[in-house]
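In our numbering, the protein residues as written are 159 to 428.
Now the structure itself:
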């Protein structure tokens, strides 16, 4: 990959091009983060004193303008899935703007805005970093829409991972029917399940990395649990499924209205 420095915004915040994609790099005493301006997509978050990134990002992604980036937290908006084109909406392949930021010793705040071709504001994303990371999405138009914060989490070994607490019934998008599952849930096959959100907090317990990823969902109605297993996916290597897991914060059945905000908060616990 060709990485080229474009601009220093502050001593902690710099803009690069990763191939064709503009990417902000944050280096702060609180930790490090990378955000693609295509899609306002958090690609990487590594808190201070953590050796492993919290998020998974494909090592073979082409970073090509107009092509969705595989990993981090893509924004599926204003629709989810493949009912319309492009799949998972336009926001994740559109260029967003950094419209505000503040960098203090104990907190970093970055704000991104998505405008349509007529320069009408469609949505805003605010990212907050301290000992936690929060991604806040606000819908800004009159149209009712869907949203998923499609978080890809980095795990040491999928065979040593459990997700809990989860409801015991989910819609299986592979078999297209509701099915029963245990909680906590282990990942041992291709999983694409939509759960009704019953509890606002989940844990990914990762014995290999000896950590827990604590995930808080705010103003969401569904969770999507996904791992492709051996299914061939674009910008993924055959063994990548062993080191990633998606647990998505979603508003699918209850559409977003103007001004509605959905957020996810991530924290590492031992």
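All residues carry an ideal CB built from backbone N, CA and C; glycine is no exception.
Three-state secondary structure assigned by DSSP to residue i
| i | result |
| --- | --- |
| residue 222 | coil |
| residue 310 | strand |
| residue 393 | coil |
| residue 161 | strand |
| residue 408 | strand |
| residue 267 | strand |
| residue 167 | coil |
| residue 227 | coil |
| residue 334 | coil |
| residue 177 | coil |
| residue 272 | strand |
| residue 415 | coil |
| residue 259 | strand |
| residue 428 | coil |
| residue 318 | helix |
| residue 198 | coil |
| residue 185 | strand |
| residue 242 | coil |
For residue i, the nearest candidate out of the options (CA to CA)
| i | options | result |
| --- | --- | --- |
| residue 182 | 268, 160, 251 and 225 | 268 |
| residue 184 | 333, 332 and 287 | 287 |
| residue 197 | 225, 172 and 208 | 225 |
| residue 330 | 350, 311 and 345 | 350 |
| residue 274 | 285, 255 and 222 | 255 |
| residue 304 | 418, 177 and 162 | 418 |
| residue 402 | 378, 427, 352 and 366 | 366 |
| residue 169 | 404, 382, 261 and 384 | 261 |
| residue 381 | 354, 216 and 368 | 354 |
| residue 195 | 407, 271 and 322 | 271 |
| residue 406 | 209, 265 and 234 | 234 |
| residue 408 | 358, 346 and 228 | 358 |
| residue 386 | 346, 241 and 352 | 346 |
| residue 302 | 237, 250, 242 and 228 | 237 |
| residue 410 | 307, 379 and 391 | 379 |
| residue 391 | 364, 228, 307 and 266 | 228 |
| residue 306 | 192, 204 and 352 | 352 |
Same chain, Cβ closer than 7 Å to residue i, neighbours up to 5 away in sequence not counted
| i | result |
| --- | --- |
| residue 206 | 187, 188 and 189 |
| residue 218 | 393 and 395 |
| residue 160 | 177 |
| residue 103 | Limits of the chain in this structure are 159 at one end and 428 at the other, which puts residue 103 out of reach. |
| residue 222 | 177 and 178 |
| residue 163 | 172 and 174 |
| residue 321 | 342, 343, 360, 362, 383 and 405 |
| residue 312 | 210, 211, 212, 213, 214, 401 and 402 |
| residue 191 | 184, 200, 202, 203 and 287 |
Residues near residue i by beta carbon distance below 8 Å, same chain, minus five either side
| i | result |
| --- | --- |
| residue 165 | 172 and 173 |
| residue 326 | 338, 339, 340 and 341 |
| residue 388 | 348, 396 and 399 |
| residue 239 | 245 and 246 |
| residue 180 | 164, 173, 174, 194, 195, 196 and 253 |
Cutoff 6 Å; reference residue i; Cβ partners in own chain excluding five residues on either side
| i | result |
| --- | --- |
| residue 259 | 268 |
| residue 430 | The displayed coordinates of the chain run from 159 to 428. Any statement about residue 430 would go beyond what the structure contains. |
| residue 284 | 269 and 294 |
| residue 253 | 195 and 196 |
| residue 427 | 370 and 372 |
| residue 250 | 197, 226, 232 and 233 |
| residue 265 | 288 |
Inset, instruction - Decide yes or no for the touch test of the stretch 373-380 against the stretch 416-423: beta carbon pairs closer than 8 Å, at least 3 of them. - result: Output reads yes: the stretch 416-423 touches the stretch 373-380.
Inset, instruction - Please determine if the stretch 310-322 and the stretch 238-250 are in contact, where contact requires at least 3 C-beta pairs separated by less than 8 Å. - result: No: the two stretches stay apart, fewer than three of their Cβ pairs being nearer than 8 Å.
Inset, instruction - Say whether the stretch 386-400 touches the stretch 280-296, bearing in mind that this needs 3 or more beta-carbon pairs closer than 8 Å, one atom from each stretch. - result: Short answer: they don't touch.
Inset, instruction - Decide yes or no for the touch test of the stretch 290-297 against the stretch 334-348: beta carbon pairs closer than 8 Å, at least 3 of them. - result: Output reads no: the stretch 334-348 does not touch the stretch 290-297.
Inset, instruction - At 3 residues or longer, and completely inside the stretch 337-378: list those beta strand (DSSP E) runs for me, N to C. - result: Within the stretch 337-378, the runs of beta strand (DSSP E) at least 3 residues long that lie entirely inside it are, in chain order, 349-354, 359-364 and 369-376.
Inset, instruction - Would you check if the stretch 404-418 and the stretch 296-309 touch, i.e. whether three or more CB-CB distances between them fall below 8 Å? - result: The stretch 296-309 is in contact with the stretch 404-418.
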